[in-house]
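Residue numbers (this note's numbering): 8 to 264.
We put the beta carbon where it would ideally sit given N, CA and C, even for glycine.
Single-structure report; data block below.
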């Protein structure tokens, strides 16, 4: 990632985002960090003191006007970023008895609409400059449906398709696009999952996978590798076999919600 000097990262106040801030700074990059929670952002930036490597730019990614103001701040402070990572996202487990349109809309607004708005904000400037790198954090759950994740999986599948399609349209402008699809990461959100989470890894290890993949400008970064390749293989199973296998593994065939 030697050519990348400036990065704009959303969802930076906790989890993978917080770990990425540390990894980017350790790699000598200047990082603008965005989250709704300014107090949390300040805590993330605090260890780096007055180094000038971390710029706090609070914003809600679901508010387009607020997000554009944040991007303008980033641009004025450090120029058009070399890399933008749309990481802001959330998850709500929704059994049948608890799924509502409002909960689904919340996930779509943050995970999909917010990510798309983040990536489109710098796009005209990157096109004019003739270089840039756009990345969005999806999930291996985007590959096929999973219990309790109808809305979550849909948002991540939508983001994956958006990123893959966008690559065709922007590569002639010198812009790279990366879809980041992690498996289970140990965070407060995954701690709430009521099912087995194979090969769950730390946020620090996830950040290392992402750092290495971005340095190579991979079209997709998926990890941990044994689990992600297993998920890729599951995509080719006939649906009845896939459905039975996932039901059995997750224990959902014995659970009503």
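- Query: Hey, is the region 46-55 in contact with the region 230-247, meaning 3+ C-beta pairs nearer than 8 Å?
  - Reply: No, the region 46-55 is not in contact with the region 230-247.
- Task: Would you kindly report the start and end of the unbroken alpha helix (DSSP H) that includes residue 87?
- Result: For residue 87, there is no enclosing alpha helix (DSSP H), as DSSP marks it with neither H nor E.
- Cutoff 6 Å; reference residue 39; Cβ partners in own chain excluding five residues on either side: Spatial neighbours of residue 39 in its own chain (CB-CB distance under 6 Å, excluding positions within 5 residues in sequence) are listed in chain order as 15, 62, 64, 81.
- Cβ separation of residue 24 and residue 68, assumed to be a contact under 8 Å, to the nearest whole Å: The distance from the Cβ of residue 24 to that of residue 68 is about 12 Å, inconsistent with a contact at the 8 Å cut-off.
- Just mark residue 230 as buried or exposed, buried being the case when its beta carbon has 16 or more other beta carbons within 10 Å. Residue environment analysis places residue 230 among the buried positions, since at least 16 neighbouring C-beta atoms fall within 10 angstroms of its C-beta.
- residue 47 versus residue 109 - alpha carbon distance: Taking the straight line joining both Cα atoms gives about 26 Å.
- Looking at the structure shown, is residue 62 part of a helix, part of a strand, or coil, going by DSSP? Per DSSP, reduced to three states, the secondary structure at residue 62 is strand.
- Task: Classify residue 230 as helix, strand or coil using the three-state DSSP reduction.
- Result: In this structure, DSSP gives residue 230 an extended state, which the three-state scheme calls strand.
- Message: Shorter than 7 Å, the distance from the beta carbon of residue 165 to the closest heavy atom of the ligand NAD, or not?
- Response: The ligand NAD is absent from the structure shown, which contains no ligand whatsoever.
- Query: Taking just the CA atoms, how far does residue 207 sit from residue 189?
  - Reply: In a straight line, the C-alpha of residue 189 is about 10 Å away from that of residue 207.
- residue 87 to residue 191 span [Cα, whole Å]: Rounded to whole angstroms, residue 87 to residue 191 spans 32 Å at the Cα level.
- Contact under 8 Å by Cβ, residue 165 with residue 119: Against a cut-off of 8 Å, the Cβ pair of residue 119 and residue 165 comes out as a contact.
- Do the CB positions of residue 17 and residue 41 come within less than 8 Å of each other? A contact, by the Cβ cut-off of 8 Å.
- Message: With three or more C-beta pairs closer than 8 Å as the rule, is the region 134-145 touching the region 165-175?
- Response: The answer is yes - the region 134-145 touches the region 165-175, with three or more Cβ pairs under 8 Å.
- For the region 84-132, list the alpha helix (DSSP H) runs that are entirely contained and at least 4 residues long, ordered along the chain. As far as the region 84-132 is concerned, its whole alpha helix (DSSP H) runs of at least 4 residues are 108-114, 121-127.
- Message: Give me, in chain order, the residues of the same chain whose beta-carbon lies closer than 7 Å to that of residue 101; leave out the 5 immediate sequence neighbours on both sides.
- Response: Cβ within range, chain order: 110, 155, 157, 158.
- Query: Helix, strand or coil: which one does DSSP assign to residue 172?
  - Reply: In the structure shown, residue 172 sits in a helix (DSSP, three-state: H, G or I).
- Please name the residue in 253, 258, 19, 83 whose C-alpha comes closest to that of residue 150. Ranked by Cα distance from residue 150, the options 253, 258, 19, 83 are led by 253.
- State the Cα-Cα distance for the pair residue 179 and residue 256, rounded to the nearest angstrom. Each residue's CA atom was taken as its position, placing residue 179 and residue 256 some 43 Å apart.
- Task: Mind reading off the beta-carbon distance from residue 185 to residue 137? Whole number of angstroms is fine, and I expect it under 8 Å.
- Result: That pair is no contact at about 18 Å.
- Counterpart residues of residue 24 in DSSP-defined beta bridges: Its beta-bridge partners do not exist; DSSP assigns none.
- Just confirm the distance between the C-beta atoms of residue 27 and residue 92, as a whole number of angstroms; I'd bet it's less than 8 Å. That pair is a contact at about 7 Å.
- Would you give the residue range spanned by the beta strand (DSSP E) that residue 13 belongs to? Where residue 13 is concerned, the enclosing beta strand (DSSP E) stretches over 13-17.
- Beta-carbon spacing of residue 271, residue 32 below 8 Å: In the structure displayed, the chain extends from 8 to 264; residue 271 sits before or after that span and is not available.
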